[in-house]
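Chains as they are written, first to last, in full-length UniProt numbering: chain B, 1 to 376; chain Z, 1 to 376.
In structure tokens, the structure reads:
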């Protein structure tokens, strides 16, 4: 025990010494920042940083130490840069992301597009975000909605991006990459699925249930109890209600929001049939304009990693070393590149935060195709 | 310029000094390891580490430095621990994950279960991995396959986990959490979708196409060109071929592997109709036994993060600080906990690697419900 105490004392001494040097280094870093502010020099000098890592790691006697030293100084230099960005910001020098800040989004006279027929959950999300009397219209597919805001037919699109039980709506992630449209807001809607049939129908009459594949999946417990019922996927929950109405077949039912039952004159056979009674969907509000609310505090980005070992590790290190709180990370395959991925990260922060500037600068330098999807 | 040179010289001096102290610290760390080896003490002492971070960060004059110091020493202590695990391993002390190592998996007399009907891609994956004459049978659902290996009816299950264009098969990720079954191998199969109908049918006859929802999604370009054709989801690609055969309706077609056309006596109307001509699916081989091949070099785990700010950041730091190469990261919602996530990480390494032991130890300490899904 005494041995351990002594060793720990030595470590404590070394650590105090490291802290003293670290503080001194940060202090000099401030002087470097001032120099850069005066001369307009760039903060991130990858060549110098690489040379430095090379030189310092050569002081190590073995591979383990070499690796440790590289890691240590990657972090120290990242923190140094962060400090320099902070001072530059204080001096009014900001490397701006090209987004126009507004106090609030302009909803007056806005035309809004959602996917699906009347009564879709997307319509409910739209009315909740933009108000009951907003000027909305519907299209057949999410892609059509993206296309309409791209060409100016609509100002905003409302798209489901994630369900609390089924996970992400992967197609909309992919569309955010394909189109130069930006997330400007979000709206969470509670999803309660109702089973609905023709007036007079009973559950025992039902042989076929139509709905969106995600809704069918969310009601799997119901189908486990009714193994004789066929599930058929259609493009939208509300469309299933429309189909049941149009077909006029008593053996058919749809799964949709209770609003759809009202709209199409159907009867709710059973309410809240989803497995998870606490089910919700997050919708994003998308615009073709690079705008953001001044009080936006969340940023969504995506990037591809170079196809080499350790690439994801290096990208995530930019968040870790800058103390940035990642809210979510998703990956999607890159089409036509088997087993290569595009990563989607949501994190807390604003473009004016030095930590954010530092991280984005690093990722932009090292990742393939960094794209800012929006801030909201 | 001269100013900058001077400042950089000072930084270089400080950095050499930090390296010297860092090396000294690692050297003492080796002595601590030897002490721990003698006395059987644990490597990770969270209380001492937290006290140390508290004490060192109190030396800082401002919040920025405080944060920087905490980050710096979290990394230094993680590296120290890694070194200690390394030395303990050299002395034959290994904290073992409870997996039985085997030279190769025992396939003799193995019964293998796959989901879907005869001709499913899962069957193709099974035959490729276990051999043409393996003893396989089919069940209706992925859950049934998991259940069969759990209760010993089968030795291995073959399940699709990810498609190179459509992304993950989320249900199978969730089943890996639900069941105490383990991944012991993987098999990648190239997926070429054929459109098949009754003998004599032409594409112009077709009004309805049946297939698995993912297959329908993978052929969206085809459907964009044939807007008059209805898509209907069924549980399995091969099942769509069976249905077309059974219904005997010339207006129906299925999308499945060409093997299915042979099995059900259908005619291929168009080959390789998927958008991505380079389309492949990764299947996992799952067993109820905690076994792993001695040459396994990839580990899959999942964990939930505590519901507090920075939780994901801290989990991923365990990979970053240990220099572990993450191959993939996926997230899935936790059922009944809206907007909380379970993360699935595949990474390179073996349980005997000190970096892996260090990372798993840290994650096990801080995450909720770390689960080792297998090594293969």
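For every residue, glycine included, the Cβ atom is placed at its ideal position computed from N, Cα and C.
- Below the 8 Å Cβ cutoff, chain Z contributes 213 and 233 as neighbours of residue 213 of chain B, in chain order.
- About 5 Å separates the beta carbons of residue 7 of chain B and residue 28 of chain Z, which is inside the 8 Å limit, making them a contact pair.
- Residue 42 of chain Z has its alpha-carbon roughly 11 Å from the corresponding atom of residue 35 of chain Z.
- Under the three-pair Cβ rule at 8 Å, the segment 134-142 of chain Z does not count as touching the segment 304-314 of chain Z.
- Distance from the CA of residue 188 of chain Z to the CA of residue 167 of chain Z, rounded to the nearest whole angstrom, comes to 14 Å.
- Within 9 Å of the CB of residue 251 of chain Z, no CB atom of chain B is found; the nearest one sits about 16 Å away.
- In the DSSP annotation of this structure, the continuous segment of the alpha helix (DSSP H) that includes residue 243 of chain B starts and ends at 237-247.
- Chain Z places a beta carbon closer than 8 Å to that of residue 15 of chain B, counting this residue as a contact.
- Taking a Cβ-Cβ threshold of 7 Å, the residues of chain Z close to residue 31 of chain B are 7, in chain order.
- Z:18 is the residue among Z:185, Z:184 and Z:18 whose C-alpha sits nearest the C-alpha of residue 59 of chain B.
- In this structure, the alpha-carbon of residue 356 of chain Z lies about 27 Å from that of residue 106 of chain Z.
- Interface flag for residue 273 of chain B against chain Z is unset, since no Cβ pair is found closer than 8 Å.
- At a cut-off of 8 Å between beta-carbon atoms, residue 339 of chain Z makes contact with chain B.
- Pairing residue 79 of chain B with residue 68 of chain Z gives a Cβ-Cβ distance under 8 Å.
- Chain-order list of chain B residues neighbouring residue 280 of chain Z: 338 and 339, by C-beta distance under 9 Å.
- By the 16-neighbour rule on beta-carbons within 10 angstroms, residue 369 of chain Z is exposed.
- The C-beta distance from residue 241 of chain Z to residue 212 of chain Z rounds to 11 Å, too long to fall under 8 Å, and the pair is not in contact.
- Not a single C-beta of chain Z is nearer than 8 Å to the C-beta of residue 175 of chain B.
- Along the segment 308-321 of chain Z, the positions whose C-beta sits under 8 Å from a C-beta of chain B are 309, 310, 312, 313, 316, 317, 319, 320 and 321, read in chain order.
- What residue 326 of chain B touches in chain Z, judged by beta-carbon distance under 8 Å, is 312, 313 and 316, going in chain order.
- Taken atom to atom, the span from the alpha-carbon of residue 339 of chain B to that of residue 135 of chain B is near 42 Å.
- Counting only the Cα atoms, residue 326 of chain B lies some 8 Å from residue 311 of chain Z.
- About 4 Å separates the Cβ atoms of residue 256 of chain B and residue 237 of chain B, confirming a contact at the 8 Å cut-off.
- For the alpha helix (DSSP H) assignment, the uninterrupted runs of no fewer than 4 residues enclosed by the UniProt domain "ACT" (300-376) of chain Z are, from N- to C-terminal side, 311-321 and 354-366.
- For residue 3 of chain B, the nearest beta carbon of chain Z is closer than 8 Å to its own beta carbon.
- Ranked by Cα distance from residue 361 of chain B, the options B:186, B:321 and B:246 are led by B:321.
- Closer than 8 Å to the CB of residue 71 of chain Z there is at least one CB belonging to chain B.
- In terms of Cα proximity to residue 260 of chain B, the closest of B:131, B:25 and B:194 is B:194.
- Distance from residue 280 of chain B to residue 203 of chain B at the Cβ level is roughly 26 Å; contact not present, criterion being Cβ atoms closer than 8 Å.
- At a cut-off of 8 Å, the C-beta of residue 179 of chain B has no neighbouring C-beta in chain Z.
- The C-beta of residue 333 of chain B comes closer than 8 Å to at least one C-beta of chain Z.
- Around residue 193 of chain B, no beta-carbon contact reaches into chain Z at under 8 Å, the shortest distance being about 15 Å.
- Taking 8 Å as the cut-off, the beta carbon of residue 156 of chain Z is found no closer than this to the beta carbon of residue 299 of chain Z.
- In the DSSP assignment, residue 195 of chain B forms a beta bridge with B:255 and B:270.
- The Cβ of residue 11 of chain B sits closer than 8 Å to at least one Cβ of chain Z.
- Nearest to residue 283 of chain Z by C-alpha distance, out of Z:126, Z:20 and Z:265, is Z:126.
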